[in-house]
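Data block below; observations after.
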Amino acid sequence: MKIWMPDRSEKTAVTPATQGKIDMQKVNFNLHTTIVDSIRELPAPTEVHVPVLGCILQIGKGKKVQRGTRVAERPTTHGGDKHAPGAGKVNGINYTHVSITLDGEEESVDPVELGSMEPGKGLLRALRGLGIDTGSLAPAETLIINGLNPEPGITAAEQLLRDEQPTLEAGLALASRIITPKRTVLALAQGYETTLSGCEAVPVKPVYPNSLAPLVAKTVTGRENPEGTVVLSVMDLYSLGQVAGTGLPVRDTVVTVNSGLNYKVLIGTPLSAILANAGIDVEQGDRVILDGPMRGRAVYSLDDGVNRDTYGVTVVRHDAFPAITDEPCINCGECVLNCPARVMPHLISKYAEFNLFENTEAYGIGACFECGLCAYHCVARRPLLQYIRLAKKELAASKSS
Amino acid sequence: MTPQVIKPYSQVTTRLIVSPPSHWRSGRTIKGMMQDHLIALLPAVLMAMASFGFEAFRVLALAGATAVVVEALCLKLMNRDITVDNYSALFTGIAFAFLLPPTAPWWLVVIGSSVAIILGRIVFGGLGANPLCAPLVAWAVCRLSWPAPMDMDLNLLHTTLNYPLTQLKYFGTSALYQFDYSDLLLGNQIGGLGTSQVIALLAGGVYLLVRKQVRWHIPAAFIGSVFVTAWIFHLSDPTLYAAPLFHVLAGGVVFGAFFLAADPACSPVGRVPMLLFGAIAGIMVVIIRVYGVYPDGVPFAILLANLLSPLLDRVRPKPFGAK
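This is how it looks when you write it as structure tokens:
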């Protein structure tokens, strides 16, 4: 059992602790703002980096591609295949991204006729082939469309509801054909009035973490983890709508850039292009995050491309918050008192820190929906969500072996 | 052929920090929490120096300095990062000093402060790992080992004031006429260096609540249950048992409520467990004062309740979705 102790003498990391100055960023968990602008179209980049992590590559370097050519196949039912968003030539492959230089041509692969397919395994396989995540598309009694913005600072969901109704309706029709629900509900922020055909509107208080799927299901149905319920986000409907309308693979996504405007970007657009277009400078030590500030993934390089289900690009400045530490837990209880899943993150993190993963099951680790509020409130600034994810991964690995 | 010039990665790209979510943090730090606790103690420190003079300052300074030096030494011996700059050792030393009589001899202060850090915290693993409140561990060790220097009345014979709880224990309720509630609030009594400055401690406690460094559950439950238990005794026989407000204002109840019982490491984390913890400790304070040998039951009551914390933490709802 190895316990890692950091060497405090090495001050190479650019952190607020070493800089000694913190310009605390204002934090607001409100999820609803009135949108006045429409979706901006980002000019097509010269090069896209399609993320292919976890997929089997289907293309080689130097090959010409059309819009919709499959570049990687996803071997499981979670997540769909990856395709080229435009015509061009593959100019680089590594295990995370396929780089394609776009030449602006309009050639595309032949569309797939989805309207004639009967709901069943064949249709699901065809959807996966078009880039859709079919993991939750199964017959169910209740279909809940999560119309809340997923994280603070993100407005993509409500922007789509405002400006892309036809695509969403097409996606909803396709989803309903597969799921055949008896009841369709649109969960909306309180005070926001909009409709989708065939949906009853249920208001939800627009404060994070109420936008997470398990909590939306609880608000709508009144039960926790209800059976026979599928929750789809508005972004999922948007992808389904693109596929249903054109028969071609998913091509673009709508992202909120740094709590500002929403842009429609091609899948694989590099973050450097998005940030340059929005006029955001990234400095040494900043965090550039795909999705939102509470659940998003920080990237290593600005060359990373957006994924099909990315809904935001967030930049957190290097001096915005005090740095994460390796301090032991002081048992203040802030994580427990703020956890929406009623889990005990402090004890889970203590066990995970010392590799005693079996002991974490007693404290509700299976119920955690990874909202990130424990790490937000931690006074000792421990990376609590990382410990929880580590424990989940280790428990799954030990169970499968 | 000239060799290819390879620039270091850091010169060609901007280095980004990669860390797990959440990428927003509340801005709270251990150092900030301890700073707020020290600010909350400041009115009581000033009042103590006004009441007891330079002696109080001597004891406070010695206790605080000893605690910091001992913790730094112990952390160095254990090869851990020296984190005394988060003021937690200083707070422990000063909280311990608050429990002492103002004329405590230097060796008592040094030994007590060292015991608070070593036995109260270091041997269990450092800040956050102690199952018992560190200043109270030191108080208990000193009280049982050297009762005479720790005795309030014996050490402050040069004043005309009295220690309310010994008056109650040895002379009964009839001796309580000498104390007004305003006397108890303003510190016209002898007692611990800091525990007798009740109004200043209340101000500090309110400051901590407003700054959200302490949740209201433990102080409210503690003070509330001291009041209710004392009231039950008082109702049964007013001549034998003191009024409930007297019990709340005398001794270390207010100090214990905000600064000792609410110590994060040794108190439970859930809402209902915190209320139960405060209630149990409060009931035991009055029982020890009525039936026990010691005039003030607060330290022992809180220590006993600390032992119950892990059990009380099991009173919690099932996780989300669990049947």
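So the sequence lines, in the order shown, correspond to chains A and B. All you need for my numbering is the position in the first sequence, starting with 1, plus 17. All you need for my numbering is the position in the second sequence, starting with 1, plus 21. Don't be surprised by glycine CBs; every beta carbon is placed ideally from N, CA and C.
Rounded C-alpha distance that separates residue i from residue j
i	j	result
Ala-263/B	Ala-358/A	46 Å
Val-31/A	Val-305/A	Because the pLDDT of Val-31/A is 42, which lies under 50, any placement of that residue in the model is unreliable, and the number read from its coordinates should be weighed accordingly. The straight-line gap from Cα to Cα measures roughly 15 Å.
Tyr-215/A	Ala-187/A	What sits at residue 215/A in the sequence shown is Gly, not Tyr. The alpha-carbon atoms of Gly-215/A and Ala-187/A are separated by roughly 12 Å.
Asn-100/B	Ile-38/B	28 Å
Leu-148/B	Met-295/B	20 Å
Thr-29/A	Leu-278/A	With a pLDDT of only 39 at Thr-29/A, under 50, the local geometry of the prediction cannot be trusted, and the value read off the model is given with reservation. If I take the Cα positions, the gap works out to 35 Å.
Met-252/A	Leu-111/B	53 Å
Leu-328/B	Leu-153/B	7 Å
Val-316/A	Leu-307/A	7 Å
Arg-142/A	Leu-96/B	60 Å
Asn-111/A	Arg-312/A	26 Å
Asp-172/B	Gly-245/B	28 Å
Val-89/B	Val-80/B	14 Å
Asp-321/A	Cys-287/B	46 Å
Leu-402/A	Ile-382/A	11 Å
Glu-90/A	Ile-138/B	60 Å
Leu-205/A	Ala-234/A	12 Å
Ile-341/A	Ile-103/B	17 Å
Leu-407/A	Trp-252/B	52 Å
Ala-369/A	Ala-414/A	14 Å
Met-305/B	Leu-203/A	54 Å
Glu-217/A	Pro-156/A	19 Å
Contact set between residue i and chain B, taken where Cβ atoms lie within less than 7 Å
i	result
Ile-341/A	Ser-40
Val-419/A	An answer regarding residue 419/A cannot be provided, because it is not within the stretch 18 to 418 covered by chain A.
Where the alpha helix (DSSP H) through residue i begins and ends
i	result
Lys-235/A	230-238
Gly-146/A	138-146
Pro-294/B	292-312
Ser-246/B	238-257
Thr-187/B	185-192
Ser-203/B	202-207
Pro-152/B	That residue, Pro-152/B, is in no alpha helix (DSSP H); it is neither H nor E in DSSP.
Thr-216/B	Unbroken run through Thr-216/B: none, as it is neither H nor E.
Per-residue contacts from residue i into chain B (C-beta, under 9 Å)
i	result
Arg-359/A	Arg-337, Pro-338, Lys-339, Pro-340, Phe-341 and Ala-343
His-114/A	Those within 9 Å of His-114/A in chain B number zero; the least Cβ separation is about 15 Å.
Phe-338/A	His-44, Trp-45, Arg-46, Ser-47 and Gly-48
Val-333/A	Ile-38, His-44 and Trp-45
Met-41/A	Gly-48
Contact set between residue i and chain A, taken where Cβ atoms lie within less than 7 Å
i	result
Ile-138/B	Neighbours of Ile-138/B on chain A: none; closest Cβ ~16 Å, over 7 Å.
Thr-34/B	Ser-318
Contact set between residue i and chain B, taken where Cβ atoms lie within less than 8 Å
i	result
Leu-354/A	Arg-236, Val-290, Gly-291 and Arg-292
Delimiting residues of the beta strand (DSSP E) encompassing residue i
i	result
Ile-365/A	No beta strand (DSSP E) contains Ile-365/A, which is instead part of the alpha helix (DSSP H) from 362-370.
Gly-342/B	Looking at the DSSP string, Gly-342/B is not in any beta strand (DSSP E), and its letter there is neither H nor E.
Asp-269/A	269-274
Lys-281/A	279-283
Asn-163/A	159-163
Leu-249/A	246-250
Lys-106/A	105-110
Ser-116/A	114-119
Any non-hydrogen atom of the ligand SAH within 7 Å of residue i CB
i	result
Val-126/A	The model depicted lacks the ligand SAH and carries no ligand whatsoever.
Nearest-angstrom Cβ-Cβ length linking residue i and residue j, presumed shorter than 8 Å
i	j	result
Leu-131/A	Val-267/A	Not quite, the Cβ-Cβ distance comes to about 13 Å (not below 8 Å), so this is no contact.
Ala-101/A	Glu-124/A	The Cβ separation is near 11 Å, so there is no contact.
Arg-161/A	Val-248/A	Going by the sequence as given, residue 161/A is Ile instead of Arg. 5 Å between Cβ atoms; contact.
Pro-170/B	Pro-126/B	6 Å
Leu-319/A	Leu-283/A	Going by Cβ atoms, the distance from Leu-319/A to Leu-283/A rounds to 16 Å, so no, they are not a contact pair.
Ser-276/A	Arg-325/A	Not confirmed; about 22 Å, so no contact.
Chain A contact residues for residue i, given Cβ-Cβ distances below 8 Å
i	result
Ala-286/B	Ile-347 and Asn-348
Ala-326/B	By Cβ distance, chain A contributes nothing, its closest Cβ being about 15 Å from Ala-326/B, past 8 Å.
Gly-277/B	In chain order: nothing, as chain A lies at least about 18 Å away.
Gly-146/B	Pro-345
Beta-carbon neighbours of residue i, restricted to chain A and to distances below 9 Å
i	result
Ala-150/B	Pro-345, Cys-346, Ile-347 and Asn-348
**Study point:** Proximal residues, the segment 296-328 of chain A versus chain B, C-beta separation under 8 Å
**Key:** Per Cβ criterion, the list reads Val-299, Glu-300, Gln-301, Gly-302, Asp-303, Arg-304, Val-305, Ile-306, Pro-310, Met-311, Arg-312, Gly-313, Arg-314, Ala-315, Val-316, Tyr-317, Ser-318 and Leu-319.
Exercise for review: Scan the segment 390-414 of chain A for residues whose Cβ lies nearer than 8 Å to a Cβ of chain B and list them as they occur along the chain.
Suggested key: Leu-390, Ala-392, Tyr-393, His-394, Cys-395, Val-396, Ala-397, Arg-398, Pro-400, Leu-402, Gln-403 and Arg-406
Point to revise | Interface positions of the segment 376-390 of chain A facing chain B (Cβ-Cβ less than 9 Å), listed along the chain | key: Listed by position along the chain: Tyr-380, Gly-381, Ile-382, Gly-383, Ala-384, Cys-385, Phe-386, Glu-387, Cys-388, Gly-389 and Leu-390.
Check your understanding: Using a Cβ cut-off of 7 Å, which residues of the segment 51-76 of chain A contact any Cβ in chain D, in chain order?
Key -> Among the chains of the structure shown, chain D does not appear; the protein chains present are A and B.
Exercise for review: Below 9 Å between beta carbons is the criterion; list the residues of the segment 124-137 of chain B that meet it against any residue of chain A, in chain order.
Suggested key: none
Practice item. Residues of the segment 44-68 of chain B with a CB closer than 7 Å to any CB of chain A: list them in chain order, please. Key: His-44, Trp-45, Arg-46, Ser-47, Gly-48, Arg-49, Thr-50, Ile-51 and Met-54
Review point. What residues from the segment 242-257 of chain A come within 8 Å of chain B, judged by C-beta to C-beta, listed N to C?
Key: Asn-242
Review point. When Cβ atoms are compared, which residues of the segment 219-235 of chain A fall closer than 9 Å to chain B?
Key: Pro-231, Leu-232 and Lys-235
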